[in-house]
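Residue numbers (the working numbering), protein chains in the order written: chain V, 69 to 177; chain U, 89 to 199.
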């Protein structure tokens, strides 16, 4: 299988910065996605990385290192509404999209 | 609105029964994925179809089956239901080299 590992839970303070890491098996790698999921709702797309480096989108940035099988999602200026699960998903050869277990982020005042 | 439609939104049924969940992908998307999400758990990949053919299979139980029809909609059939099958079932569709878009899910409760 293609193990995708991310921390189960994280806690951060409103206004702070948090980094959520994701590691994956590199064989057959064809792109990495980050999704946000609020409880009971559908995941929504945040970012896509296929080349090494940092992709910035407002308060959210995502980084990829293909050789290390490593990505992170960086959330700046945290808001209470950012409390959600963050899912790392890797597309492997054959177009199969595999999700990690998700990181539940709790933002505290 | 993601453009992916799942029906029904909610389903309550008894153990031992059989249900069918339906997914209509975004227009033109050839790939359809099915995921199961139990309470407070991550998304578990069940199965993927691409243009009518099974492309990949995850930890899908033998009691579960799926298909994708010529019009690209997909159905997930769950039979001999058990209490542990209660979960949110998500469908996602994807075009080549784009992100996957998720439907709002079907919440299945087995009583």
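Positions of the beta carbon are idealized from the N, C-alpha and C atoms, including for glycine.
Near residue 99 of chain V, what residues of its chain come up, given a Cβ to Cβ distance below 8 Å and the 5 sequence neighbours on each side ignored? If you number the first chain from 1, residue 99 of chain V lands on position 31. Around residue 99 of chain V: 116, 117, 118, 158, 159.
Might you give, ordered along the chain, the residues of its own chain that have their beta carbon closer than 8 Å to the beta carbon of residue 99 of chain U, omitting 5 neighbours on each side? Here the question's residue 99 of chain U lines up with position 11 in the second chain. If we look at residue 99 of chain U and ignore the five residues flanking it on each side, its Cβ neighbours are 107, 109, 194, 195, 196, 197.
Can you list, in chain order, the residues of its chain whose CB lies under 6 Å from that of residue 42 of chain V, leaving out five sequence neighbours each side? Outside the displayed span of chain V (69 to 177) sits residue 42 of chain V, for which this structure offers no information.
If contact means a Cβ-Cβ distance below 7 Å, which residues of the segment 126 to 155 of chain U contact chain V? 130, 131, 133, 136, 138, 143, 144
Got a sec: is the Cβ-Cβ distance from residue 119 of chain V to anything in chain U below 7 Å? Residue 119 of chain V sits at position 51 when you count from the first residue of the first chain. Not one chain U Cβ lies under 7 Å of residue 119 of chain V.
Please say whether residue 129 of chain V and residue 142 of chain V have beta carbons closer to each other than 7 Å? Counted from its first residue, the first chain places residue 142 of chain V at position 74. Counted from its first residue, the first chain places residue 129 of chain V at position 61. In terms of Cβ geometry, residue 142 of chain V and residue 129 of chain V form a close pair [threshold 7 Å].
Below 8 Å, can you find three or more Cβ-Cβ pairs linking the segment 170 to 190 of chain U to the segment 121 to 128 of chain V? no
Beta carbon of residue 124 of chain U, beta carbon of residue 164 of chain V: below 7 Å? What you label residue 124 of chain U is simply residue 36 of the second chain in a count that begins at 1. What you label residue 164 of chain V is simply residue 96 of the first chain in a count that begins at 1. Their beta carbons are not under 7 Å apart, which means residue 124 of chain U does not touch residue 164 of chain V by this criterion.
List the residues of chain U whose Cβ lies closer than 8 Å to the Cβ of residue 131 of chain V, in chain order. Position 63 of the first chain, counted from the start, is the residue given in the question as residue 131 of chain V. Neighbours of residue 131 of chain V on chain U: none; closest Cβ ~17 Å, over 8 Å.
Starting from residue 145 of chain V, trace the beta strand (DSSP E) both ways and give me its first and last residue. Walking along the first chain from the start, residue 145 of chain V turns up at place 77. Taken as a continuous stretch (DSSP letters only), residue 145 of chain V belongs to no beta strand (DSSP E), as it is neither H nor E.
Using the C-alpha atoms, what's the distance from residue 159 of chain U back to residue 104 of chain V? As a first step, residue 104 of chain V is located in the first chain; it is residue number 36 there, counting from the start. As a first step, residue 159 of chain U is located in the second chain; it is residue number 71 there, counting from the start. Approximately 30 Å, taken between the alpha carbons.
Taking only runs that begin and end inside the segment 83 to 142 of chain V, name each unbroken beta strand (DSSP E) of 3 or more residues, in chain order. 86 to 92, 97 to 105, 112 to 117, 121 to 125, 128 to 133
May I ask you to list the residues that DSSP assigns as paired with residue 161 of chain U? Sequence index remark: in the second chain, residue 161 of chain U carries index 73 (1-based). Within the DSSP secondary-structure output, residue 161 of chain U pairs in no beta bridge.
Can you check whether the C-beta of residue 188 of chain U is within less than 7 Å of a C-beta belonging to chain V? Position 100 of the second chain, counted from the first residue, corresponds to residue 188 of chain U. So, interface residue.
Bridge partners - residue 166 of chain U, DSSP secondary structure assignment: Indexing the second chain from 1 puts residue 166 of chain U at position 78. Partner(s): U:107, U:152.
Which one of U:182, U:153, U:185, U:178 has the shortest CA to CA distance from residue 108 of chain V? On the first chain, residue 108 of chain V is found 40 positions in, with the first residue counted as 1. Checked all of U:182, U:153, U:185, U:178; the closest Cα to residue 108 of chain V is U:178.
Pull out every residue of the segment 89 to 123 of chain U whose Cβ sits closer than 8 Å to any Cβ of chain V, in chain order. 90, 119, 121, 123
Beta-carbon separation of residue 169 of chain V and residue 146 of chain U under 7 Å? The sequence position of residue 169 of chain V within the first chain is 101, counting from 1. The sequence position of residue 146 of chain U within the second chain is 58, counting from 1. Between residue 169 of chain V and residue 146 of chain U, the C-beta gap is not smaller than 7 Å, which leaves the two residues out of contact.
Identify every residue that forms a DSSP beta bridge with residue 175 of chain V. Indexing the first chain from 1 puts residue 175 of chain V at position 107. The partner list for residue 175 of chain V (beta bridge, DSSP) reads V:80.
Excluding the 5 residues preceding and the 5 following residue 171 of chain U in the sequence, name in chain order all residues of the same chain whose CB lies nearer than 7 Å to its CB. The residue labelled residue 171 of chain U in the question sits at position 83 within the second chain. Same-chain partners within the cutoff: 103, 198.
Going by the beta-carbon positions, is the gap between residue 166 of chain U and residue 148 of chain U smaller than 7 Å? One-based indexing of the second chain puts residue 166 of chain U at position 78. One-based indexing of the second chain puts residue 148 of chain U at position 60. It is not a contact, given that the beta carbons lie outside the stated cut-off.
Can you give the beta carbon distance from residue 87 of chain V to residue 140 of chain V, rounded, assuming they're within the 8 Å contact cut? In the first chain, residue 87 of chain V corresponds to position 19, counting from 1. In the first chain, residue 140 of chain V corresponds to position 72, counting from 1. So it is a contact: roughly 5 Å between Cβ atoms.
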